[in-house]
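K.L.:
Take a look at the following structure, please.
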Amino acid sequence: MKFEEKKQDNKYFFENKIWPLLKDFLYPKRCVSCGKLDTFLCEKCEKEIILVSDKKCLFCGRILDKRLCDKCRKEFRVKNGFAYCYYREGPVKDIV
Numbered sequence: 001m002k003f004e005e006k007k008q009d010n011k012y013f014f015e016n017k018i019w020p021l022l023k024d025f026l027y028p029k030r031c032v033s034c035g036k037l038d039t040f041l042c043e044k045c046e047k048e049i050i051l052v053s054d055k056k057c058l059f060c061g062r063i064l065d066k067r068l069c070d071k072c073r074k075e076f077r078v079k080n081g082f083a084y085c086y087y088r089e090g091p092v093k094d095i096v
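Numbering follows full-length UniProt numbering, with no gaps: position 68 of the sequence shown is 68.
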């Protein structure tokens with residue numbers, strides 16, 4: 001076996017066998033909200049996320065007929081179509 005082939009085998013072994021184990025040991029997957037192991041967001045916390053409905057302001061959540069209330073439109077000067085799709089509370093607050 002040539003030196004370059006052996007070097008490639010070692011690199012492959014490290015990247016595909018050693019590194020994933022080391023990464024999981026050093027940085028275990030945990031729910032960002034409650035800390036439960038083996039998941040980024042557990043089922044319990046995922047169920048607590050509230051989707052912004054069509055009848056509320058996309059920024060403050062005020063109930064209204066249009067997508068943005070006048071106060072938020074002036075305050076945030078919305079550009080490039082950026083808006084929230086989830087309320088910033090519970091697990092979403094922990095993620096952001």
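Note that CB positions come from ideal geometry on N, CA and C, so glycine has one too.
Keep in mind the model is a prediction, meaning the values are calculated, not measured.
What does DSSP give as the partner residue(s) for Ile-63 in the beta ladder?
P.N.:
In the DSSP output, where bridge partners are listed per residue, Ile-63 has Lys-56.
K.L.:
Just to confirm the assignment, what range does the alpha helix (DSSP H) spanning Tyr-45 have?
P.N.:
In the sequence under discussion, the amino acid at residue 45 is Cys, which differs from the Tyr named in the question. Per DSSP, Cys-45 belongs to the alpha helix (DSSP H) from 43-47.
K.L.:
Taking the Cβ atom as the reference point for each residue, do Cys-42 and Cys-60 lie within a distance shorter than 9 Å?
P.N.:
No; because the gap between Cβ atoms is not below 9 Å, this pair is not in contact.
K.L.:
Taking DSSP as the reference, what is the three-state secondary structure of Tyr-12?
P.N.:
Of the three classes helix, strand and coil, the one that applies to Tyr-12 here is helix, per DSSP.
K.L.:
Taking the CB atoms as reference points, tell me whether residue 97 and Tyr-86 lie closer together than 9 Å.
P.N.:
Residue 97 lies beyond the residue range present for the chain, which begins at 1 and ends at 96; the question has no answer from this structure.
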